[in-house]
Amino acid sequence: MGACKRYRPVAKRPTKLTSQPRGHETMGISKDLNYAYYPGCAAKQIQKEADWSAREISKQLGVTLHDMPAATCCGAGNLQEHDLAAALAVNARIFSQAEEMGMDIVTICNTCLQTFTFANERLKKEPELREKINTVLKKAGVRPYDGTIDVKHLVWVLVDDVGVEKVKKQIKNPLGGLKVAPFYGCHALRPSEVFHGRGGQAPKYLDTLIAALGGESVDYKGKDKCCGFHYMLVNEKEFLSMSGHHSLEAKTRGAEVMVSPCTLCDMSLGAYQSRSEKHLGVKINLPEMNISQLVGVAFGLDKKTLGLNRLHQDVQPALRARNIKVA
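Residue numbers for the sequence shown follow our numbering, so the first one is -19 and each next one is one higher.
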């Protein structure tokens, strides 16, 4: 964890909110596709390929992801169950860093997204609560949080901020009808009211990107359900059943590849797939990859850059069958 600068009160300059948010009733402060990048703990350790891919496709699209070296873990929802005030202070500290940078936060972890969004909604809508949390921050030498930033998922940035047409212009390796099962996960969808129209029971972002890349979305019941990751420590057998059945259902519906926007879902559906197979007594063998990796494949990026060698199922046969070449 990096050191955080000591807070010294200075004359505040007004922070301008964007007057015309793109497609949703949310406000933020990022300009010119610059964002404070928060990949989450999993992307820093066991799901590094998601981080590598996210950074590379962002460069290709003119999106600049600025690291937040002093940022800590968001608490993943676990901290708020035990100490809500501490959880809000931890997240407000991260928000303050992004606010000082003059940027909204972008993440590639659904759990970080939900944790941040819950905290940010409360801190924005409850000034008295924010003031109490800011008192804690000031005692720790951290600048107070003024409640101006927005928190986004990278897939929202690609569709809403960059735009599908610009994404299409970067395609060098169209997916040629590759049948892709989108797995949204629950933490980027519910509760829909805190996501301002981006979540709910009619998810669209992954489907939109898959179509733009030349793929064909495979519809199945489990696409917007929970991957089971947070159930793993409570009941491993139930977790393996949950994650395994999602993959099996998608495979049965004709999916050649499964994609997720979340590093924790990637782990559940990819890293634990072999254990789910053993638990269920069936062979699934459905390659699972992060959506950033699939975008990178369509952009013509090489397998080392995208970390395709780190996948737990070999995706190359599915790509070759569609004449999708990856160097």
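Note that the Cβ used here is the ideal one computed from N, Cα and C, for glycine as well.
Asked	Found
When I271, L281, G250, E216 are compared against S227, the one with the closest alpha-carbon	G250
Anticipated Cβ contact below 8 angstroms, G194 with L155, distance rounded	4 angstroms
Pair within 8 angstroms by beta-carbon distance, V135 and Y185	yes
Residues that M238 bridges to, as DSSP identifies them	A161, E268
From A307, V147, A298, N303, residue whose alpha carbon lies closest to that of L286	A307
Where S10 sits in the DSSP three-state scheme	coil
Span of the beta strand (DSSP E), counted from its first residue to its last, around K28	Taken as a continuous stretch (DSSP letters only), K28 belongs to no beta strand (DSSP E), being part of the alpha helix (DSSP H) at 28 to 40.
Assigned exposure category for T95 - 16 Cβ within 10 Å defines buried	buried
C-alpha distance - T115 paired with T188, whole-angstrom precision	43 angstroms
Cβ shell of A191 (< 7 angstroms), same chain only, five flanking positions each side left out	S197
Rounded separation between E218 and Q253 - CA only	13 angstroms
Residues near L59 by beta carbon distance below 8 angstroms, same chain, minus five either side	A66, A67, V70
Sequence-distant residues of the same chain with beta carbon closer than 8 angstroms to H46, five excluded per side	N14, Y15, A16, Y17, M81, M83
Which listed residue (C92, V262, M269) has its alpha carbon closest to that of E229	V262
Touching by the beta-carbon criterion (3+ pairs, under 8 angstroms), the segment 18 to 33 and the segment 267 to 276	yes
N153 beta carbon less than 8 angstroms from that of I304	yes
Where V86 falls: helix, strand or coil (DSSP)	strand
Backbone CA spacing between Y144 and K119 [nearest angstrom]	Per the sequence shown, the amino acid found at residue 144 is Val instead of Tyr. Approximately 45 angstroms between the Cα atoms of the pair.
Nearest-angstrom beta carbon gap, I151 and F279 [assumed within contact, 8 angstroms]	7 angstroms
Among A78, G55, L117, nearest to C89 - alpha-carbon criterion	G55
Between the CA atoms of T44 and K(-4) - distance to the nearest angstrom	Confidence is the limiting factor: at K(-4) the pLDDT is only 31, short of 50, which leaves the residue's position unreliable, though a coordinate-based value still follows. Cα-Cα distance, rounded: 20 angstroms.
L45 - containing beta strand (DSSP E), residue span	44 to 47
N100 classed as buried or exposed, judged by whether at least 16 other C-beta atoms fall within 10 angstroms	buried
Beta bridge counterpart(s) of K132 as assigned by DSSP	V86
Per-residue burial, P267 [other beta carbons within 10 Å of its own, 16 or more giving buried]	buried
Cβ-based burial, V142 [other Cβ within 10 Å; buried from 16]	buried
Whole-number beta carbon distance between C166 and K205, since they are thought to touch under 8 angstroms	7 angstroms
Residue from C242, L158, E236 whose Cα sits closest to the Cα of T91	C242
Start and end residues, alpha helix (DSSP H) containing D246	243 to 246
Spatial neighbours of M212 in its chain, beta-carbon cut-off 6 angstroms, leaving aside the 5 residues before and after	F219
Buried or exposed by the 16-neighbour rule on C-beta atoms within 10 Å, applied to V214	exposed
Where T232 falls, given that 16 or more other Cβ within 10 Å makes a residue buried	exposed
Check whether C207 and L158 have beta carbons under 8 angstroms apart	no
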